[in-house]
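All residue numbers for the sequence shown refer to the working numbering, where the first residue is 5 and numbers rise by one. Glycine included, C-beta positions come from ideal geometry on N, C-alpha and C. Model, not experiment: these values are computed from the prediction. For reference, the structure is listed below as structure tokens.
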Amino acid sequence: AGRHAVVYETYESGKKYAVKEAAKKGVSLEKEALGLQLANSVGVGPRLHCASSDKVTMDWVTGVDVPTYLESATPSMVDWVVHNILSQCRSLDTVGLVKTEMSHPIKHIIVTLHPPKVTFIDFDRSQRTSAPTSKNTTQVVQYLTSQRLVSLLSTSEHCLDIGCIRAACKLYKSDPSDGNFQQISRLFMH
């Protein structure tokens, strides 16, 4: 939430939901609802329950941001979270939904600890393309290869080869195929 919308919690039948509501008259949340609906169709985002032009109700998500999670993660936990982030970006790419905040998604990806789950939130700036895209994956790879994240992702046994990752990303950008995506994903794994 920000200048255009507020988020608050509500309960229905003992279940907690998030409600995002327009902060002022004339602000529409239709784009958020449409983006979240398309994201949900490929298993991404908090589950959308109902929407109108000025209000969106979805599952409540709690957890921590990616850097906080990585600070105490074991190598297998690092692999798990990176795999989940990349897979969700790939899913959005295949349906042509560009989330647009993926090069700096610190506030847009929540890692829930129990049960473990990675959730992308905030689809208000998402854009639909007429064909599959590579933008979510390539943008999140920029983030994952930033100086701060590389230090959290690298361990004494595993050092990321940024040059190889960027080359694989460039190939994926020109041809967003499953094979090219898998190459990116493999380069991050321990």
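The beta strand (DSSP E) enclosing residue i, as first and last residue numbers
i, result
"V11", "9 to 16"
Buried versus exposed call for residue i [16 or more other C-beta atoms within 10 Å across all chains shown]
i, result
"E34", "exposed"
"D179", "exposed"
"C163", "exposed"
"R94", "buried"
"E75", "exposed"
"E16", "exposed"
"L117", "exposed"
"V195", "Residue 195 lies beyond the residue range present for the chain, which begins at 5 and ends at 194; the question has no answer from this structure."
"T142", "buried"
"A77", "buried"
"Y73", "buried"
"S130", "buried"
"E36", "buried"
"G195", "This structure cannot settle anything about residue 195, because the visible part of the chain is limited to 5 through 194."
"Q92", "buried"
Residue from the options with nearest C-alpha to residue i
i, options, result
"L157", "E25, E36, T61, D83", "D83"
"K20", "A43, S130, N44, V65", "V65"
"T133", "T98, V23, H112", "T98"
"L101", "D128, K29, I166", "D128"
"H194", "A172, V23, V154", "V154"
"F192", "M81, Q41, Y12, V86", "V86"
"I113", "V145, G49, I166, G167", "G49"
"Q146", "I169, P71, D182, A37", "I169"
"V68", "A37, P120, L38", "P120"
"Y176", "S32, P136, Q151", "P136"
Any C-beta of chain B under 9 Å from that of residue i
i, result
"T61", "The structure shown contains no chain B, having only a single protein chain."
Any non-hydrogen atom of the ligand NAD closer than 8 Å to residue i Cβ
i, result
"F185", "No copy of the ligand NAD appears in this structure; indeed no ligand is present at all."
Range of the contiguous alpha helix (DSSP H) that encloses residue i
i, result
"S2", "The requested residue 2 does not occur in the structure, where the chain is confined to residues 5 to 194."
"S155", "151 to 157"
"S189", "182 to 192"
Would you check if the region 51 to 59 and the region 104 to 113 touch, i.e. whether three or more CB-CB distances between them fall below 8 Å?
no
If we require 3 or more residues per run, which beta strand (DSSP E) segments fall completely within the region 65 to 146?
113 to 116, 121 to 124
Which ranges would you report for the beta strand (DSSP E) in the region 18 to 61 if only whole runs of at least 3 residues count?
19 to 26, 52 to 55
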